[in-house]
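> Handing you this structure, nothing more for now.
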Amino acid sequence: MSESAVKRPSGRGRFVTFEGGEGTGKSTQIKKLADRLKAARMRILVTREPGGSPGAEIMRHLLLSGMGKLLGPEAETLLFAAARDDHVRTVIEPALNQGAWVLCDRFADSTRAYQGSLGQVPAGLINAMQRVTIGDLKPDLTIILDLPVEIGLGRAVTRRGSATPDRFEGEQLAFHQGLREAYRKIAADEPARCVLIDANSDADTVAGRVWNAVRERLLPTPASVISA
Ligand code: TYD
Numbered sequence: 524m525s526e527s528a529v530k531r532p533s534g535r536g537r538f539v540t541f542e543g544g545e546g547t548g549k550s551t552q553i554k555k556l557a558d559r560l561k562a563a564r565m566r567i568l569v570t571r572e573p574g575g576s577p578g579a580e581i582m583r584h585l586l587l588s589g590m591g592k593l594l595g596p597e598a599e600t601l602l603f604a605a606a607r608d609d610h611v612r613t614v615i616e617p618a619l620n621q622g623a624w625v626l627c628d629r630f631a632d633s634t635r636a637y638q639g640s641l642g643q644v645p646a647g648l649i650n651a652m653q654r655v656t657i658g659d660l661k662p663d664l665t666i667i668l669d670l671p672v673e674i675g676l677g678r679a680v681t682r683r684g685s686a687t688p689d690r691f692e693g694e695q696l697a698f699h700q701g702l703r704e705a706y707r708k709i710a711a712d713e714p715a716r717c718v719l720i721d722a723n724s725d726a727d728t729v730a731g732r733v734w735n736a737v738r739e740r741l742l743p744t745p746a747s748v749i750s751a
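Heads up: the sequence shown runs through residues 524 to 751, numbered per the numbering used here.
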């Protein structure tokens, strides 16, 4: 049993975040995992960032419209942090404390990858904001979906149809390549928390890989509980 599981107050839920570039299939995979966990009679809350609470959804609208970009990288990062602060306090923490599993589409690693690695916002500022917004709250597991950027962007274009690309979809190919590298680095730097999953397969195959990661990391078998 992992150290974080040993320290967890009994009855507290599990916090699983999904990360990855554009079109990697996060929302499809979250839904599939939620359905599987619900079938096992677990209490599940699916949420997303930016957004997930009424206040943070207002900030989501500002951010994805490109308003935040006009203010510059640091201020845009502060808006993401403000949205996260509200979401953590009003939605994520209460749900975990009530014993629910929280499945979140993007979380703090998105800030590290998009604003830190690519927006070149200094790590010191990102770390300081993280201390304020999430404190000690760390995902129990982060699933990072990995896909060649051409395929992900192709899927995002199909999904969008004739709508205008949002703030980040509109960035150049090099941005998305850098994003993929940033996520791969996060996975390599934090193997105890993160699992890099090959998302270049059909949705059910990827869902099987996600389920294996969840089972291995968060649903210990009776044998591993006895040996802990
Ligand atoms: P969304 O439409 O939810 O995109 P996706 O389906 O790719 O998750 O838009 C969220 C966008 O916001 C996405 O492009 C990533 C970006 N983002 C950041 O730049 N920093 C952050 O901290 C978060 C949470 C998201």
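Where is the CB? At the ideal position from N, CA and C, for every residue including glycine. What you are looking at is a predicted structure, and each value in this text was computed from that prediction instead of being measured.
1. To test your reading of the DSSP string, which unbroken beta strand (DSSP E) runs of 3 or more residues are found completely within the stretch 674-709?
2. If I'm right that Gly536 touches Val611 with Cβ under 8 Å, what's the distance once you round it to whole angstroms?
3. Shortest alpha-carbon distance to Gln485 belongs to which of Ala579, Ile674 and Val680?
4. Would you kindly work out how many angstroms separate the C-alpha atoms of Lys592 and Arg566, rounded to a whole number?
5. Distance, Cα to Cα, Cys627 vs Arg607?
6. Taking the C-alpha atoms as reference points, what is the distance between Ile581 and Leu556?
7. Count the other CB atoms within 10 Å of the CB of Ser633; is the residue buried (16 or more) or exposed (fewer)?
8. Between which two residues does the beta strand (DSSP E) harbouring Glu580 extend?
9. Specify the secondary structure class of Gly639 as computed by DSSP and reduced to three states.
10. To the nearest angstrom, how far is the alpha carbon of Gly731 from that of Phe630?
11. Helix, strand or coil: which one does DSSP assign to Arg571?
12. Can you check whether the CB of Phe541 is closer than 8 Å to the CB of Ile666?
13. Mind checking whether the beta-carbon of Thr551 lies closer than 7 Å to any heavy atom of ligand 1?
14. Any chance the CB of Asp621 is under 7 Å from a heavy atom of ligand 1?
15. Can you give me the Cβ contacts of Val539 inside the same chain, cut-off strictly under 6 Å, excluding the 5 residues immediately before and after it?
16. Kindly indicate the opening and closing residues of the alpha helix (DSSP H) around Ile553.
17. Would the C-beta of Leu587 count as close to ligand 1, meaning under 7 Å from any of its heavy atoms?
18. Answer yes if the stretch 729-743 comes into contact with the stretch 547-561, meaning at least three C-beta pairs across the two stretches below 8 Å, and no otherwise.
19. Say whether the stretch 567-576 touches the stretch 686-698, bearing in mind that this needs 3 or more beta-carbon pairs closer than 8 Å, one atom from each stretch.
20. Check the DSSP bridge columns for Asp721 and list the partner residues they point to.
Put simply:
1. none
2. Incorrect: roughly 14 Å between the Cβ atoms, too far for contact.
3. Nothing in the structure corresponds to residue 485, since the chain is present only between 524 and 751.
4. 37 Å
5. 11 Å
6. 27 Å
7. buried
8. Where Glu580 is concerned, there is no enclosing beta strand (DSSP E), although the alpha helix (DSSP H) it sits in stretches over Pro577 to Leu587.
9. helix
10. 23 Å
11. strand
12. yes
13. no
14. Looking at the sequence itself, residue 621 is Gln, so the reference to Asp does not match. Not under cutoff, so the answer is no.
15. Leu626 and Leu664
16. Lys549 to Ala562
17. yes
18. yes
19. no
20. Asp669
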